[in-house]
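Going by the numbering used here, the sequence shown opens with residue 1, and the numbers climb by one from there.
Here the structure comes first, spelled out in structure tokens, and everything after it is commentary.
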Amino acid sequence: MKLKLLTRYWSSFHLLFFQAGVLFVGLLVSLATSAQEIEARAYSNAPIGMNFITGGLAQAKSGSYILNTQALSLTHVIDVAGQSGRLTMVLPYSELSGTGQIGAQSINASAEGLSDPLIKASVNLYGAPALTNSEFANYRQDLIIGASIAASIPWGQYNSNQMINVGANRSLIQPAMGVSQAVGPWRLELAGMATIYTSNNNFMGNNTLSQNPIYSGETHVIYYFPNTAWISADATYFTGGQTYVNGLPASGTQENWRFGSTLSYPIDKNNSIRLSGSKGVYSRTDTSYNAVGISWQYRWGGTP
């Protein structure tokens, strides 16, 4: 009975707030692998051989819980059969604190350490040709169609004797497809994805935690300023994700709506700063959270 109550608490808090909060920093470093996070410009073009290194800070809050995440990412632009593609890795570090309640029982959450690294491979299937630096100067976007696959590596700190950890002891795999249409200084984007979870076979001892896939869609309206700064209005919807412990249902189907905004501003030719924020506006399981973040990006390289 105690495990069942704790599992319901964990599934509602950890799966929707903690995991999403850790991966929120991915939005700042151009890698969104959480089903309920939103990332503008996931499918865009860049010169072949270009590199991006990004450091980001993010904070997510839900009730009394506060999750702080720092992350470092590296992205390299490659040529994939004549179209541009990207390889990205994110290394996050997180600290979590807060107190929850299950009936008369208080649940204290405190965890800190390396979270699960993230990797992503993406390719633009149409409309984003592989270009050198000199060729890219004359490139003008029209319609881009792209696909990607992302995954987490379960290397984060994990203790099977405690409920809240900064590592999940399981992997998530997320295939996605998206389109981006340019209309003057505007970009209109739409993407869909599925987040598939492996099982955690050491949940609260030797129990097995499993979860159904989460299916989500997101949209972005982006405006580019003359100095290449841009701002976006973002929205995402997701559903699914019912959890099980030892094969028995532990939580119901999730359903959430989130809205957010992102501002990117160029400091100079190689450096830019990005501010992001998002808010849960509807949650079937009452697990909405608010998140804000800031990141700094440095870019270099590219084929002459």
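Ideal placement from N, C-alpha and C gives every residue a C-beta, glycine not left out.
Could you tell me which residues DSSP pairs with residue i in its beta bridges?
i    : result
T262 : S232, S276
N125 : Looking at the sequence itself, residue 125 is Leu, so the reference to Asn does not match. None; L125 has no bridge partner.
W296 : G55, I273
I119 : M89, A151
P175 : I149
G240 : I214, Q254
Just to confirm my understanding: we take residue i, look at its own chain, exclude 5 residues before and 5 after, and list those with CB closer than 7 angstroms. What are they?
i    : result
S283 : N256
L97  : Sequence check: residue 97 is Ser here, not Leu. Excluding positions up to five away in sequence, the list reads I66, A109, S110.
L91  : A71, L72, P117
S264 : A229, W230, S272, R274
Is residue i helix, strand or coil by DSSP?
i    : result
S134 : helix
M193 : strand
K269 : coil
M204 : coil
T253 : coil
S210 : strand
V221 : strand
M50  : strand
I164 : coil
S97  : strand
N142 : Inspection of the sequence shows that residue 142 is occupied by Asp rather than by Asn. The answer is coil: DSSP assigns D142 none of H, G, I, E or B.
P226 : coil
P304 : coil
T361 : This structure gives no information on residue 361, because the portion of the chain shown stretches from 1 to 304.
F13  : In this prediction, F13 has a pLDDT of 47, which is less than 50 and means its spatial position is unreliable; nothing more can be read from the coordinates.
A42  : coil
T306 : Here the chain has residues from 1 to 304 only, and residue 306 is not among them.
Q157 : coil
Under 8 angstroms between the Cβ atoms of residue i and residue j?
i    : j    : result
Q141 : A182 : yes
I310 : A150 : A question about residue 310 goes unanswered here, because the residues of the chain that appear run from 1 up to 304.
F52  : R258 : no
M50  : S73  : no
G293 : G56  : yes
P266 : T132 : no
A147 : A176 : yes
G178 : P213 : no
P154 : A168 : yes
G127 : L114 : no
N45  : Q59  : no
V77  : P47  : yes
V221 : S210 : no
S134 : Y43  : no
Q83  : A130 : yes
S62  : T99  : no
Q174 : N165 : no
S261 : T54  : no
Using a beta-carbon distance below 8 angstroms, is residue i in contact with chain B?
i    : result
Q211 : The structure shown contains no chain B; it is built from a single protein chain.
Is residue i near the ligand COA - that is, is its Cβ less than 7 angstroms away from at least one heavy atom of it?
i    : result
T253 : Only the bare structure without any ligand can be found here, which leaves the ligand COA out of the picture.
Leaving out five residues on either side along the sequence, give the residues of the same chain with a beta carbon under 6 angstroms from the beta carbon of residue i.
i    : result
S317 : Given that the chain is displayed from residue 1 to residue 304, the structure contains no residue 317 and the question cannot be resolved.
T208 : S199, N201, N246
N271 : Y298
L87  : H76, A121
- When the Cβ atoms of the region 191-205 are set against those of the region 157-164, are three or more pairs found closer than 8 angstroms? yes
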